[in-house]
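Per the UniProt record's numbering, the very first residue in the sequence shown carries number 1; after that it's consecutive.
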Amino acid sequence: MIADKTIDLFSRANKQWEPKPHLSVSEWADKNRMLTTESSAEPGPWRTDRAEYQREIMDSIKTWEEVAIMASAQVGKTEFLLNVTGSYIDQEPCPIMHVLPKDDLVQAYSKKRLTPMINSCDALKSKIGPAKSRDSSNTIEEKSFPGGYVTIVGANAPDSLSSRPIQVVLCDEVDRFPVSSGKEGDPIALATARTTTFRHKRRHLFVSTPVDKETSRIYQLYEDSTMEQWCLPCPHCEELQPLKFKSGIEYEHYESESGEIVVTKAEYRCCYCGMLGSEKEWKRGEGAWIARKEHSTRRGFHINQLSSPWSDWREVSKKFLIAKREGVDKLKVFINTVLGEPWVTKLKGMDEKTLMQRREVYEHEVPEGVKVITAAIDTQDDRFEVEIMGWGAGKESWRIEYHRIYGDLDRPEVWEELDRFLCRSWVGPNGREFRIVGACMDSGGHYTKEVYEFTKPREHRRIYAIKGQGINPKTAEHVPFIAKHTRTQMYNAILIHLGVDDGKVKVHDSLKVESPGPLYCHFPGEDKGYTQEYFLGLTAETHKVVVKEGVKYKAWVKTRDRNEPFDLAVYNRAVVELLNPNLSLPIEQQPNGPIIDPDAGGRAIAPRKKRRQGVNSSV
Numbered sequence: 001m002i003a004d005k006t007i008d009l010f011s012r013a014n015k016q017w018e019p020k021p022h023l024s025v026s027e028w029a030d031k032n033r034m035l036t037t038e039s040s041a042e043p044g045p046w047r048t049d050r051a052e053y054q055r056e057i058m059d060s061i062k063t064w065e066e067v068a069i070m071a072s073a074q075v076g077k078t079e080f081l082l083n084v085t086g087s088y089i090d091q092e093p094c095p096i097m098h099v100l101p102k103d104d105l106v107q108a109y110s111k112k113r114l115t116p117m118i119n120s121c122d123a124l125k126s127k128i129g130p131a132k133s134r135d136s137s138n139t140i141e142e143k144s145f146p147g148g149y150v151t152i153v154g155a156n157a158p159d160s161l162s163s164r165p166i167q168v169v170l171c172d173e174v175d176r177f178p179v180s181s182g183k184e185g186d187p188i189a190l191a192t193a194r195t196t197t198f199r200h201k202r203r204h205l206f207v208s209t210p211v212d213k214e215t216s217r218i219y220q221l222y223e224d225s226t227m228e229q230w231c232l233p234c235p236h237c238e239e240l241q242p243l244k245f246k247s248g249i250e251y252e253h254y255e256s257e258s259g260e261i262v263v264t265k266a267e268y269r270c271c272y273c274g275m276l277g278s279e280k281e282w283k284r285g286e287g288a289w290i291a292r293k294e295h296s297t298r299r300g301f302h303i304n305q306l307s308s309p310w311s312d313w314r315e316v317s318k319k320f321l322i323a324k325r326e327g328v329d330k331l332k333v334f335i336n337t338v339l340g341e342p343w344v345t346k347l348k349g350m351d352e353k354t355l356m357q358r359r360e361v362y363e364h365e366v367p368e369g370v371k372v373i374t375a376a377i378d379t380q381d382d383r384f385e386v387e388i389m390g391w392g393a394g395k396e397s398w399r400i401e402y403h404r405i406y407g408d409l410d411r412p413e414v415w416e417e418l419d420r421f422l423c424r425s426w427v428g429p430n431g432r433e434f435r436i437v438g439a440c441m442d443s444g445g446h447y448t449k450e451v452y453e454f455t456k457p458r459e460h461r462r463i464y465a466i467k468g469q470g471i472n473p474k475t476a477e478h479v480p481f482i483a484k485h486t487r488t489q490m491y492n493a494i495l496i497h498l499g500v501d502d503g504k505v506k507v508h509d510s511l512k513v514e515s516p517g518p519l520y521c522h523f524p525g526e527d528k529g530y531t532q533e534y535f536l537g538l539t540a541e542t543h544k545v546v547v548k549e550g551v552k553y554k555a556w557v558k559t560r561d562r563n564e565p566f567d568l569a570v571y572n573r574a575v576v577e578l579l580n581p582n583l584s585l586p587i588e589q590q591p592n593g594p595i596i597d598p599d600a601g602g603r604a605i606a607p608r609k610k611r612r613q614g615v616n617s618s619v
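In structure tokens, the structure reads:
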């Protein structure tokens, strides 16, 4: 009896010293990970088999030096990174670094993604203490644990990228990284250089939704890898194949009276046997990753929403139909975020002669189809250049008038003439009068103070000063089209900051639309100012791929000196983006601008009760 107790005692004591079985990342996640309502629509224990394609992706990081994941939204990209992080903290503690596109994303990522994972996982919570004080080892940017730490940095912060050795580098959304981190160079190269001392244990994981094929970093990484695709078996012939929207999905749909697209059915046609199968039939098959190339150090994975358990083929089809209806802007987003593929720019050129041939004879000053009109003003030393544009459903546009006002801008009468022009109305079908719903006026050049003096008392008419912000040649960091709005110290005027490179892309893409419909551009005749000189200015810039320190990015390059028509097209597009009118509504429900008395200091004398309907006036 005593002998049995002794044996049992030694047996239990020995178990305390037995090494824990080493789990793969997916096994560790299945055993330890808990999803919370803060970070998941499906809170509860993590289940890798909920989306089986995740298993191979996560497990590969332990045996491959580099892993590149080119994926759509809604496939769990960030969860891959978090599970890898948790597995290393618990089983192989070491220095880990998460790299985000910008440092201003660090706080939200830490609080809403990383911290909830740690707090909901007993295996991690016991290793990382609570954040109780400023000198705590658990902060927003860095969390320490026995044997290592995890730090979160922005790709635009060179000091964070170039200090201390790191074993595991996890780069999230690399297609949104700046070309250069400050003056230090490529942020990916800076981050991965920190793993040099961990020669045989270093790991690099790159994750992103792709953007533009010519400059996409994740696409370049994926191309230089095993190039694996997630394949599902046909429910009829059992042949494995990647799911492709364009060649495989077949759907039935109709458009309701209110204009809503309703998809009633969506199936997939096998590329081998030609049989159709339902979404449930395809998704319950046992999938597999199939490589298209051999590679010694990097595995590459591509997956889209068609294979995701969190997406519905009818919804995917609906997104495509909406994108197709609304034009190239939305189609780009669909290709990138739903299909997980880079956007391919059409090589067909767009020149002044092609656009001149589009000129039409309008029956009215404002043609049928226009819902609202906007204005854009460019300020030169000896003149104003003004363009009036009309907008219809899907941001289809009609140029109405290109007008120049010459004079000495130091004299008030020139500014008064500009105000009278912006106060006038343009006549459409059935004698309907259109007034501008808003305008953007360039504040650059030698008359910044005067522009603020002009726009400040006219803000109730939604006439705003703007300041263009081009791409930074040092970092090539993306600036959103409507970047922000502020109040100027001078005159307290609203100043809209525009990412003009993004705006130029939107305008350029719309000019390439060849058939009337969403984003198509109409032009009137020469008598309205649309001369050859105008079209030369409209096509005075080209979008070129530039290489900086081995990294590709796109920049706008002038091919002619005068580019005011191109700038004004960008400013007019900015007015529509700012005010965001619902252009699908009938014209009777659209704003038509206030009635203005130019002799009363530019005040509205009969504001219409419905003039804000359908417009976001948050600015």
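Note that the Cβ used here is the ideal one computed from N, Cα and C, for glycine as well. Source: prediction; values computed, not measured.
Item: Beta-bridge pairing of residue 434 - partner residues as DSSP gives them; Value: 426
Item: Own chain, CB closer than 6 Å to residue 404, minus 5 neighbours either side, in chain order; Value: 383, 385
Item: Under 9 Å between C-beta atoms of residue 68 and residue 444; Value: no
Item: Any 3 or more C-beta pairs closer than 8 Å across the region 158 to 174 and the region 194 to 209; Value: yes
Item: Extent of the continuous alpha helix (DSSP H) to which residue 245 belongs; Value: 245 to 248
Item: Residue 164 (DSSP reduced to helix, strand or coil); Value: coil
Item: Where the beta strand (DSSP E) containing residue 108 begins and where it ends; Value: No beta strand (DSSP E) contains residue 108, which is instead part of the alpha helix (DSSP H) from 106 to 109.
Item: Alpha carbon of residue 204 to alpha carbon of residue 537, nearest angstrom; Value: 46 Å
Item: Residue 577 vs residue 481 beta-carbon contact at 9 Å; Value: yes
Item: N-terminal and C-terminal residue of the alpha helix (DSSP H) that residue 60 is part of; Value: 53 to 60
Item: Alpha helix (DSSP H) segments (min. 4 residues) lying fully within the region 334 to 403; Value: 352 to 356
Item: Extent of the continuous alpha helix (DSSP H) run through residue 89; Value: 77 to 91
Item: Top-ranked residue by Cα proximity to residue 504, from 556, 303, 235, 324; Value: 556
Item: Beta-carbon proximity check, residue 185 vs residue 240, cutoff 9 Å; Value: no
Item: Backbone secondary structure at residue 319 - three-state DSSP; Value: helix
Item: Own chain residues within Cβ distance below 7 Å of residue 42, not counting five before or after; Value: 35
Item: Rounded Cβ spacing between residue 218 and residue 195 (contact assumed at less than 8 Å); Value: Going by Cβ atoms, the distance from residue 218 to residue 195 rounds to 19 Å, so no, they are not a contact pair.
Item: Spatially closest choice to residue 407 from 380, 507, 394, by CA coordinates; Value: 380
Item: Spatial distance of residue 40 from residue 123 (CA atoms); Value: 20 Å
Item: Ordered list of alpha helix (DSSP H) runs contained in the region 279 to 326, each at least 4 residues; Value: 279 to 283, 313 to 326
Item: Cα-Cα separation between residue 322 and residue 328, rounded to whole angstroms; Value: 11 Å
Item: Stretch pair the region 452 to 464 + the region 68 to 84: three plus CB contacts closer than 8 Å; Value: no
Item: For residue 524 and residue 362, believed in contact at Cβ under 8 Å, the rounded distance; Value: 5 Å
Item: Length at least 3, wholly inside the region 183 to 244: the beta strand (DSSP E) runs in chain order; Value: 203 to 208, 228 to 233, 240 to 242
Item: Beta-carbon gap between residue 274 and residue 238 smaller than 9 Å; Value: no
Item: Three-way DSSP call (helix, strand, coil) for residue 415 in this model; Value: helix
Item: Same chain, Cβ closer than 6 Å to residue 395, neighbours up to 5 away in sequence not counted; Value: 519
Item: Counterpart residues of residue 44 in DSSP-defined beta bridges; Value: 35
Item: Exposed unless 16 or more other CB atoms sit within 10 angstroms - verdict on residue 276; Value: exposed
Item: Three-state secondary structure assigned by DSSP to residue 454; Value: helix
Item: C-alpha distance - residue 588 paired with residue 367, whole-angstrom precision; Value: 15 Å
Item: Cβ neighbours of residue 609 in the same chain (closer than 6 Å, five flanking residues each side left out); Value: Only weak support exists for where residue 609 lies, its pLDDT of 40 falling under 50; the value from the coordinates is given anyway. Taken in chain order, the list of residues that qualify is empty.
Item: Buried or exposed (CB count within 10 angstroms, at least 16 for buried), residue 215; Value: buried
Item: Cβ neighbour criterion (16 or more within 10 Å) applied to residue 45; Value: exposed
Item: Rounded C-alpha distance that separates residue 50 from residue 331; Value: 29 Å
Item: Per DSSP, cross-strand counterpart(s) of residue 469; Value: 499
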